[in-house]
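J.:
2 protein chains.
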Amino acid sequence: MRIALDAMGGDNAPEAVVQGGICAARDFGVTVQLVGQPEAIETELAKHKISGLHLPVIAASEVIRMDESPAAAVKNKKDSSMAVGLRLVKQGDSDAFVSAGNTGGVLATALFKLGRIKGVKRPALGTIFPTETEEGHCFMLDVGANTDVRPEYLLQFALMGHCYARQVLEIPSPRVGLLSIGEEELKGSILTQEVTPLLKRSALNFVGNVEGKDIPTGLADVVVTDGFTGNIYLKGVEGIARAIQTILEREIRSRPLALLGALLARGAIKALRTRLDYRNFGGAPLLGVNGVVVIAHGRADSHTIRNAVRVAIQASEHNLVQTIRSGLTEYISMNGSG
Amino acid sequence: MRIALDAMGGDNAPEAVVQGGICAARDFGVTVQLVGQPEAIETELAKHKISGLHLPVIAASEVIRMDESPAAAVKNKKDSSMAVGLRLVKQGDSDAFVSAGNTGGVLATALFKLGRIKGVKRPALGTIFPTETEEGHCFMLDVGANTDVRPEYLLQFALMGHCYARQVLEIPSPRVGLLSIGEEELKGSILTQEVTPLLKRSALNFVGNVEGKDIPTGLADVVVTDGFTGNIYLKGVEGIARAIQTILEREIRSRPLALLGALLARGAIKALRTRLDYRNFGGAPLLGVNGVVVIAHGRADSHTIRNAVRVAIQASEHNLVQTIRSGLTEYISMNGSG
Numbered sequence: 005m006r007i008a009l010d011a012m013g014g015d016n017a018p019e020a021v022v023q024g025g026i027c028a029a030r031d032f033g034v035t036v037q038l039v040g041q042p043e044a045i046e047t048e049l050a051k052h053k054i055s056g057l058h059l060p061v062i063a064a065s066e067v068i069r070m071d072e073s074p075a076a077a078v079k080n081k082k083d084s085s086m087a088v089g090l091r092l093v094k095q096g097d098s099d100a101f102v103s104a105g106n107t108g109g110v111l112a113t114a115l116f117k118l119g120r121i122k123g124v125k126r127p128a129l130g131t132i133f134p135t136e137t138e139e140g141h142c143f144m145l146d147v148g149a150n151t152d153v154r155p156e157y158l159l160q161f162a163l164m165g166h167c168y169a170r171q172v173l174e175i176p177s178p179r180v181g182l183l184s185i186g187e188e189e190l191k192g193s194i195l196t197q198e199v200t201p202l203l204k205r206s207a208l209n210f211v212g213n214v215e216g217k218d219i220p221t222g223l224a225d226v227v228v229t230d231g232f233t234g235n236i237y238l239k240g241v242e243g244i245a246r247a248i249q250t251i252l253e254r255e256i257r258s259r260p261l262a263l264l265g266a267l268l269a270r271g272a273i274k275a276l277r278t279r280l281d282y283r284n285f286g287g288a289p290l291l292g293v294n295g296v297v298v299i300a301h302g303r304a305d306s307h308t309i310r311n312a313v314r315v316a317i318q319a320s321e322h323n324l325v326q327t328i329r330s331g332l333t334e335y336i337s338m339n340g341s342g
Numbered sequence: 005m006r007i008a009l010d011a012m013g014g015d016n017a018p019e020a021v022v023q024g025g026i027c028a029a030r031d032f033g034v035t036v037q038l039v040g041q042p043e044a045i046e047t048e049l050a051k052h053k054i055s056g057l058h059l060p061v062i063a064a065s066e067v068i069r070m071d072e073s074p075a076a077a078v079k080n081k082k083d084s085s086m087a088v089g090l091r092l093v094k095q096g097d098s099d100a101f102v103s104a105g106n107t108g109g110v111l112a113t114a115l116f117k118l119g120r121i122k123g124v125k126r127p128a129l130g131t132i133f134p135t136e137t138e139e140g141h142c143f144m145l146d147v148g149a150n151t152d153v154r155p156e157y158l159l160q161f162a163l164m165g166h167c168y169a170r171q172v173l174e175i176p177s178p179r180v181g182l183l184s185i186g187e188e189e190l191k192g193s194i195l196t197q198e199v200t201p202l203l204k205r206s207a208l209n210f211v212g213n214v215e216g217k218d219i220p221t222g223l224a225d226v227v228v229t230d231g232f233t234g235n236i237y238l239k240g241v242e243g244i245a246r247a248i249q250t251i252l253e254r255e256i257r258s259r260p261l262a263l264l265g266a267l268l269a270r271g272a273i274k275a276l277r278t279r280l281d282y283r284n285f286g287g288a289p290l291l292g293v294n295g296v297v298v299i300a301h302g303r304a305d306s307h308t309i310r311n312a313v314r315v316a317i318q319a320s321e322h323n324l325v326q327t328i329r330s331g332l333t334e335y336i337s338m339n340g341s342g
């Protein structure tokens with residue numbers, strides 16, 4: 005398997021990205037194609053022992069910066085690491101593309117280079133949240149690709165989320181919930197009220213509205229929302245988890261006995277951190293484009309990159325694109341519309 | 005000062021509500037008017053020592069249930085505890101109304117009984133979130149009153165939030181942020197992009213877009229959003245804080261040394277819990293109606309109710325309604341529109 009990795013994308017590129025790519029090549033036994041400015045990549049590669057690993061460097065002269073306008077970037081930077089990496093996927097020379105770069109840039113380039121799967125109205129970004137139960141998790145989409153959506157897009161997000169959960173996460177009959185502000189059907193926005201009957205009529209295992217508080221308790225395997233709300237939830241949860249850590253550390257430091265206590269409890273604290281650490285989930289698959297694309301957090305470190313490559317491998321192994329394609333076709337043939 | 009308390013509202017009514025009312029009357033030296041079914045209230049009062057406290061019982065024969073349709077409740081239950089309590093405020097017989105009941109019911113009844121402050125397009129629910137900094141907090145609105153909004157509503161929410169933060173929270177020049185999905189102005193939904201120029205043109209101390217992750221770091225004193233997104237954020241944060249506690253407890257219990265450690269660190273853990281405990285913030289003021297109305301969490305216990313009464317007292321003492329009224333008038337006279 006060959007994974008194209010955007011060596012220039014993310015706040016910590018190329019250093020952390022190349023290092024993560026090396027870890028992935030070693031741990032998963034795959035070829036990691038490092039796409040970007042060859043000199044910068046070679047400098048990083050020289051810092052590591054890489055004999056026996058498959059780490060070809062694929063030249064791309066331009067870099068799409070984190071703060072760059074996606075539309076302009078796609079138009080003007082034809083030789084960006086994103087454009088080159090996604091071209092590899094398009095041509096069948098890579099099985100997937102992974103980037104921690106400018107999310108809008110990846111989205112726009114992926115749409116331009118790979119196009120949408122036939123019938124897909126809008127691709128969506130999905131991400132996994134940990135739940136309280138051991139090994140439990142919840143897949144939410146969209147978390148940022150589409151800020152303004154229509155009911156039929158949300159129905160498709162639900163379908164694509166169902167395909168991902170069943171095929172890649174191996175949940176036999178994924179429970180699909182709609183993110184809203186009350187359990188009752190009547191509660192919610194105009195959008196959620198309009199999408200509810202569509203979800204109820206679908207063949208999906210729709211479990212109704214779920215609230216933000218229900219996600220950690222594992223009430224649904226797939227949670228559907230628009231990209232604005234999903235992104236607010238994602239960043240909110242990330243922020244509060246970090247704040248809790250900051251406050252707890254401060255309170256512990258100010259108490260000598262507590263400091264000793266924290267030392268004794270460090271195994272438990274570490275287990276909690278691991279459970280909450282977004283880095284372990286690696287990256288967010290972009291569902292609905294003609295190829296496997298995984299977007300990692302902009303602040304991704306090498307560990308995150310390694311795990312994002314793992315997400316890409318899993319999606320490729322489980323034929324994500326084909327799964328969504330057949331899922332949609334089946335649905336359209338049953339219901340007469342996407 | 006007289007605070008009308010909905011003795012029948014909330015999952016733990018009347019027991020916890022009456023108890024909270026008693027605590028408030030004792031701790032703050034105010035009159036707490038217990039509104040609801042007299043027998044049920046008297047039964048609860050009989051369980052406590054209340055001599056010397058001002059706790060008049062105000063009869064209201066009907067109860068608006070937590071799952072009831074707000075519109076139907078307002079129409080059909082003319083003698084509900086909400087209707088009676090809000091009538092007291094309207095008639096000047098109470099300084100504020102506090103309820104942990106059906107949020108939609110309180111909203112609808114407040115609109116019907118008190119009406120909007122002249123010029124206010126939509127009232128909004130605000131709530132305080134803790135920040136990492138000691139004593140820091142962030143006031144967010146709307147967190148649930150308006151699921152679908154227009155840019156001009158958000159501008160008014162910002163104005164009302166500014167008034168609340170300056171007058172009641174005593175922050176001299178509150179920094180106002182717009183909840184969005186990226187710091188850059190171009191990021192966000194159609195709604196946030198439309199409201200940005202309005203906020204920039206206003207006389208408010210507008211600090212631009214803030215993300216969910218910025219709220220705990222204290223980047224803004226007031227954060228404006230629609231009621232759908234705000235409620236998702238609120239419940240999401242609540243859920244993750246609880247999940248973290250659950251996971252940490254489980255991890256500690258499974259390790260004997262960690263259990264000892266947690267015992268030694270219990271002061272720090274307790275301080276963290278206190279800092280995060282939504283109960284300490286008491287209730288969400290409803291801004292924009294002609295009277296002080298505070299809505300407490302449906303699962304409110306007596307401690308929450310006590311603190312919700314405190315929020316109501318503060319808002320009354322600081323002339324919240326008059327402040328918003330003058331703030332809006334001033335703004336309209338300066339800008340020619342609300």
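Quick note, the sequences are listed as chains A and B, same order. Residue numbers for the first sequence, in the numbering used here: 5 to 342. Residue numbers for the second sequence, in the numbering used here: 5 to 342. Every residue, glycine too, gets a C-beta built ideally from N, C-alpha and C. Please read these numbers as outputs of a predicted model, since none were measured by experiment.
Buried or exposed: where does G140/B fall if 16 or more other Cβ atoms within 10 Å of its Cβ makes it buried?
T.: In the second sequence, counting from the first residue as 1, residue 140/B sits at position 136. G140/B comes out exposed.
J.: DSSP three-state call for P289/A: helix, strand or coil?
T.: Walking along the first sequence from the start, residue 289/A turns up at place 285. Note: P289/A maps to strand in three-state DSSP.
J.: According to DSSP, which residues form a beta bridge with G24/A?
T.: If you number the first sequence from 1, residue 24/A lands on position 20. Looking at the DSSP assignment, G24/A forms no beta bridge with any residue, so it has no partner.
J.: Contact between the region 284-301 of chain A and the region 322-329 of chain A: three or more CB pairs below 8 Å?
T.: Taking 8 Å as the limit for Cβ pairs, the verdict is that the region 322-329 of chain A does touch the region 284-301 of chain A.
J.: My parser needs the alpha helix (DSSP H) runs of 4 or more residues fully inside the region 193-234 of chain B; what are they?
T.: Taking only runs of at least 4 residues, the alpha helix (DSSP H) segments lying wholly in the region 193-234 of chain B are 194-205.
J.: Considering only residues of the region 97-153 of chain B, which uninterrupted alpha helix (DSSP H) runs meet the minimum length of 4 residues and lie entirely inside it, listed in chain order?
T.: Fully enclosed alpha helix (DSSP H) runs of 4 or longer: 107-118.
J.: Does DSSP classify S184/B as helix, strand or coil?
T.: Along the second sequence, read from residue 1 onward, the residue named residue 184/B stands at position 180. Of the three classes helix, strand and coil, the one that applies to S184/B here is coil, per DSSP.
J.: Using a Cβ-Cβ cut-off of 8 Å (strictly less than) and excluding sequence neighbours within five positions of I175/B, which residues of its own chain qualify?
T.: Locating residue 175/B in the second sequence gives position 171, where the first residue counts as 1. Result list for I175/B: A169 and D225, in chain order.
J.: Ends of the beta strand (DSSP E) at A300/A?
T.: In the first sequence, the residue the question calls residue 300/A occupies position 296. Start and end: V296 to A300.
J.: Going by alpha carbons, who is nearest to N311/B out of G234/B, G40/B, F32/B and L203/B?
T.: Within the second sequence, residue 311/B is the residue found at index 307, counting from 1. Ranking G234/B, G40/B, F32/B and L203/B by Cα distance to N311/B puts F32/B first.
J.: Could you tell me the alpha carbon to alpha carbon distance between I251/B and S258/B, rounded to whole angstroms?
T.: For this step, residue 251/B is matched to residue 247 along the second sequence. For this step, residue 258/B is matched to residue 254 along the second sequence. When rounded, the distance between both Cα atoms is 11 Å.
J.: Using a 10 Å radius around the Cβ and a threshold of 16 neighbouring Cβ atoms, would you call L129/B buried or exposed?
T.: For the purposes of this step, residue 129/B is taken as the residue at position 125 of the second sequence. L129/B should be labelled buried.
J.: Roughly how many whole angstroms lie between the Cα atoms of S206/B and S320/B?
T.: The residue given as residue 206/B occupies position 202 in the second sequence. The residue given as residue 320/B occupies position 316 in the second sequence. Roughly 27 Å between the two C-alpha positions.
J.: Taking the straight line between their C-alpha atoms, what separation do you get for L261/B and K217/A?
T.: Taking the first residue of the second sequence as position 1, residue 261/B is located at position 257. Taking the first residue of the first sequence as position 1, residue 217/A is located at position 213. In a straight line, the C-alpha of L261/B is about 31 Å away from that of K217/A.
J.: Please confirm whether any heavy atom of the ligand GDP lies closer than 6 Å to the CB of E72/A.
T.: This structure does not include the ligand GDP; it has no bound ligands of any sort.
J.: Are any of the Cβ atoms in chain B nearer than 7 Å to that of D305/A?
T.: For the purposes of this step, residue 305/A is taken as the residue at position 301 of the first sequence. No, D305/A lies away from the interface with chain B (no Cβ there is under 7 Å from its Cβ).
J.: At a Cβ threshold of 7 Å, is S193/B touching chain A?
T.: Position 189 of the second sequence holds residue 193/B. It does: the Cβ of S193/B has a partner Cβ on chain A nearer than 7 Å.
J.: Could you work out which residues of chain D lie near D152/A, taking near to mean beta carbons separated by less than 9 Å?
T.: The structure shown contains no chain D; its protein chains are A and B.
J.: Whether or not the region 109-117 of chain A and the region 131-139 of chain A are in contact is what I'm after, with contact meaning three or more pairs of Cβ atoms, one per stretch, closer than 8 Å; do they touch?
T.: No: the two stretches stay apart, fewer than three of their Cβ pairs being nearer than 8 Å.
J.: With distance defined between alpha-carbon atoms, name the residue in T333/A, A162/A, G243/A and G89/A nearest to Q37/A.
T.: Here residue 37/A is taken as the residue at index 33 of the first sequence, counted from 1. Closest option to Q37/A, Cα to Cα, is G89/A.
J.: Check the Cβ-Cβ distances between S132/B and every residue of chain A, and say whether any is below 7 Å.
T.: The residue labelled residue 132/B in the question sits at position 128 within the second sequence. A small correction: the amino acid at residue 132/B is Ile; Ser does not occupy that position in the sequence shown. Answer no: the Cβ-Cβ gap between I132/B and chain A never drops below 7 Å.
J.: Among A50/A, G192/A and L203/A, whose alpha-carbon lies nearest the alpha-carbon of E215/A?
T.: Taking the first sequence and counting its residues from 1, the one referred to as residue 215/A is at position 211. The residue with the shortest Cα to Cα distance from E215/A is G192/A.
J.: First and last residue of the alpha helix (DSSP H) that includes R314/A?
T.: Translated into the one-based positions of the first sequence, residue 314/A becomes position 310. S306 to E321 is the extent of the alpha helix (DSSP H) around R314/A.
J.: How about G342/B: is its C-beta nearer than 7 Å to some C-beta of chain A?
T.: As a position in the second sequence, residue 342/B is number 338, starting the count at 1. Reliability fails at G342/B, whose pLDDT of 45 lies under 50, so the model's placement of it is uncertain and the value that follows must be treated cautiously. So no, G342/B is outside the interface.
J.: Could you give the C-beta distance for I26/A and L57/A, rounded to a whole number, given that I count them as a contact under 8 Å?
T.: On the first sequence, position 22 is the one that residue 26/A refers to. On the first sequence, position 53 is the one that residue 57/A refers to. So it is a contact: roughly 7 Å between Cβ atoms.
J.: Give me the residue from T151/B, K82/B and V180/B with the minimum Cα distance to T233/B.
T.: The sequence position of residue 233/B within the second sequence is 229, counting from 1. The option with the nearest alpha carbon to T233/B is T151/B.
J.: Considering only residues of the same chain and omitting the five flanking positions on each side of Q249/B, which have a CB-CB separation below 8 Å?
T.: The residue labelled residue 249/B in the question sits at position 245 within the second sequence. R277, listed in sequence order.
J.: Would you verify that the beta carbon of F101/A is, or is not, closer than 7 Å to some beta carbon of chain B?
T.: On the first sequence, position 97 is the one that residue 101/A refers to. It does not: the Cβ of F101/A has no partner Cβ on chain B nearer than 7 Å.
J.: Excluding the five sequence neighbours on either side, which residues of its own chain have a C-beta within less than 7 Å of the C-beta of F161/A, listed in chain order?
T.: In the first sequence, the residue the question calls residue 161/A occupies position 157. Around F161/A: A128, L145, D146 and V228.
J.: Find the nearest neighbour of V172/A within the set A20/A, G24/A, R314/A and D10/A, judged by alpha-carbon distance.
T.: Your numbering for residue 172/A matches position 168 in the first sequence. Looking at the Cα atoms, R314/A is the closest of the given residues.
J.: A8/A lies in the beta strand (DSSP E); which residues open and close that run?
T.: One-based indexing of the first sequence puts residue 8/A at position 4. Here the beta strand (DSSP E) through A8/A covers R6 to D10.
J.: From the beta carbon of T113/A, is the nearest beta carbon of chain B less than 7 Å away?
T.: One-based indexing of the first sequence puts residue 113/A at position 109. Output row for T113/A: interface = no.
J.: In the DSSP assignment, the alpha helix (DSSP H) including G265/A goes from what residue to what residue?
T.: Here residue 265/A is taken as the residue at index 261 of the first sequence, counted from 1. First-last of the alpha helix (DSSP H) with G265/A: P260 to L268.
J.: Might you give, ordered along the chain, the residues of its own chain that have their beta carbon closer than 8 Å to the beta carbon of I236/A, omitting 5 neighbours on each side?
T.: As a working mapping, residue 236/A is identified with position 232 in the first sequence. For I236/A, where only same-chain residues beyond five positions count, there are no Cβ hits under 8 Å.
J.: Is V275/B close to chain A, meaning its C-beta is less than 7 Å from at least one C-beta of that chain?
T.: In the second sequence, residue 275/B corresponds to position 271, counting from 1. Reading the sequence as shown, one finds Ala at residue 275/B and not Val. Yes, because at least one Cβ of chain A sits closer than 7 Å to the Cβ of A275/B.
J.: List the residues that DSSP assigns as beta-bridge partners of I62/A.
T.: Your numbering for residue 62/A matches position 58 in the first sequence. Answer by DSSP bridge pairing, in chain order: V39/A.
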